[in-house]
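Chemist: In this text, residue positions in the sequence shown follow the UniProt record's numbering: the first is 1, and each later residue adds one.
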Amino acid sequence: MDGIIAAVPFAMCVSLRSSCRNRDNAESIYHFPGKSSNRVSVLQTGNNVSSQRCNSLLKKRHCSEISRVIVKSAASSVGNVDEYAEETATSVKFQRSVTLPGCSSPLSLLGTGFREKKFAIIGVKVYAAGYYVNESILSGLSAWKGRSADEIQRDSSLFSSIFQAQAEKSLQIVLVRDVDGKTFWDALDEAISPRIKSPSSDDTTALSTFRGIFQNRPLNKGSVILLTWINTSKMLVSISSEGLPTDVDATIESGNVTSALFDVFFGDSPVSPTLKSSVANQLAMTLV
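(1) Let me know if S170 comes out buried or exposed under the rule of 16 or more other beta-carbons within 10 Å of its beta-carbon.
(2) Measure the alpha-carbon distance for K118 versus V174 and round it to whole angstroms.
(3) When you compare the CB positions of I225 and G102, do they come within less than 8 Å of one another, or not?
(4) Considering only DSSP beta bridges, list what A250 is partnered with.
(5) What do you get for S272, buried or exposed, if any count of 16 or more other CB atoms within 10 angstroms of its CB means buried?
(6) CB-CB under 7 Å to A260, same chain, minus the five flanking residues each way: which ones, in chain order?
(7) Given F214, which residues of its chain have a CB within under 7 Å of its CB, disregarding the five upstream and five downstream residues?
(8) Do L275 and Y132 have their beta-carbon atoms positioned less than 8 Å apart in this structure?
(9) Buried or exposed, going by whether 16 or more other CB atoms sit within 10 Å of the CB of D178?
(10) Can you give me the C-alpha to C-alpha distance between Q172 and D202, rounded to a whole angstrom?
(11) Which whole-angstrom value describes the C-beta separation of F266 and F159, a residue pair presumed to lie in contact below a C-beta threshold of 8 Å?
(12) If R96 and E83 are in contact, beta carbons under 8 Å, what's the gap, nearest whole angstrom?
(13) D150: buried (16+ other C-beta within 10 angstroms of its C-beta) or exposed?
(14) To the nearest angstrom, report how far apart S277 and S157 are at their CA atoms.
(15) By DSSP, does I122 sit in helix, in strand, or in coil?
(16) Please report the residue range of the beta strand (DSSP E) in which L227 lies.
(17) Please list, in chain order, all residues of the same chain as R154 whose beta carbon is under 8 Å from its beta carbon, the five residues on each side excluded.
Quick look at the structure:
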């Protein structure tokens, strides 16, 4: 890449020098039409010497400016590539850093995965998911430094520590097929409800609010759902038909519901094993 970046400005400078020489020749003929060659020769032995030096300096400066612009542009292009991570099974791209509705600071991508639903014996991918955390959470995981990805994935206490951390984390769900809102909620509720053994009135209210967001709402391919944990008992839900949501659609306030939902994705029986595995791999590389 460095060779390519360096070669482009050089080639442009060569072209620039060539065009400047042609321009200088044309200007000499234009300013002195019909004059003898001696007249031009006298001019070249005088003022044109300083003019050539000046032109040389200008050309060097121009080439230097072109080089800086191209290198900056190339670096920017590389940076744009690095701004996204692709969930390979669905080809959905997730930004590595996002600022989400209701969050006080940007969150960083910690892993990606997908949800597959089996119909008969055929697995159908329903959505891709990206998990984001406030980076301050990672500083509280020093006890797991040096652990392998397998050890991290099997250790439920690590994921419990992430959930208990008083900093924002969010799950970004991107649908890869059309899904009816009610169907989506029914599948989610089917996983959440068994994890709440004795629902309180707050739990029931929270589940009702949660359900109401999805009722009579079509979720087309490309729709984005954000489930953002502000703390252990407060979660924000945001939905957009395309691109990242900019507003909060509902607030869920129930410690049992928010922890049950976290367990759905990062407990011992996650609905997306690929997501939990990806997060474990990233943590293993980060906690060294």
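The C-beta atom is built at its ideal place from N, Cα and C for all residues, glycine as well. Keep in mind it's a predicted model, so treat the numbers as computed, not measured.
Modeler: On the basis of the data shown:
(1) Counting from one through the sequence shown, the residue named residue 170 turns up at place 170. Buried, because 16 or more other Cβ atoms sit within 10 Å of the Cβ of S170.
(2) Against the sequence shown, residue 118 aligns to sequence position 118. Against the sequence shown, residue 174 aligns to sequence position 174. Note on geometry: alpha-carbon atoms of K118 and V174 lie some 18 Å from one another.
(3) As a working mapping, residue 225 is identified with position 225 in the sequence shown. As a working mapping, residue 102 is identified with position 102 in the sequence shown. No. Outside cutoff.
(4) Here residue 250 is taken as the residue at index 250 of the sequence shown, counted from 1. Note: A250 sits in a beta bridge opposite V237.
(5) What you label residue 272 is simply residue 272 of the sequence shown in a count that begins at 1. By the neighbour-count rule (16 or more Cβ atoms within 10 Å), S272 is buried.
(6) Here residue 260 refers to the residue found at position 260 of the sequence shown. Result list for A260: I192, R195, I196, in chain order.
(7) Position 214 of the sequence shown, counting from 1, holds the residue named residue 214. Same-chain partners within the cutoff: G181, K182, F184, W185.
(8) Start at 1 with the first residue of the sequence shown, and residue 132 comes out as number 132. Start at 1 with the first residue of the sequence shown, and residue 275 comes out as number 275. For the pair Y132 and L275, the CB atoms are not nearer than the 8 Å cut-off.
(9) Looking up residue 178 in the sequence shown gives position 178. It is exposed - the Cβ of D178 has fewer than 16 other Cβ atoms within 10 Å.
(10) Numbered from its first residue, the sequence shown carries residue 172 at position 172. Numbered from its first residue, the sequence shown carries residue 202 at position 202. If you take the alpha carbons of Q172 and D202, they lie about 25 Å apart.
(11) Here the question's residue 266 lines up with position 266 in the sequence shown. Here the question's residue 159 lines up with position 159 in the sequence shown. The distance from the Cβ of F266 to that of F159 is about 4 Å, consistent with a contact at the 8 Å cut-off.
(12) As a first step, residue 96 is located in the sequence shown; it is residue number 96 there, counting from the start. As a first step, residue 83 is located in the sequence shown; it is residue number 83 there, counting from the start. Indeed they touch by this definition, with Cβ atoms about 6 Å apart.
(13) Here residue 150 refers to the residue found at position 150 when the sequence shown is read from its first residue. When all chains shown are included, D150 counts as exposed.
(14) Working through the sequence shown from its first residue, we reach residue 277 at position 277. Working through the sequence shown from its first residue, we reach residue 157 at position 157. Answer to the nearest angstrom: the Cα atoms are 15 Å apart.
(15) Here residue 122 corresponds to residue number 122 of the sequence shown, with the count starting at 1. Three-state result, I122: strand.
(16) As a first step, residue 227 must be located in the sequence shown, where it is residue number 227. 224-231 is the extent of the beta strand (DSSP E) around L227.
(17) Start at 1 with the first residue of the sequence shown, and residue 154 comes out as number 154. Spatial neighbours of R154 in its own chain (CB-CB distance under 8 Å, excluding positions within 5 residues in sequence) are not present.
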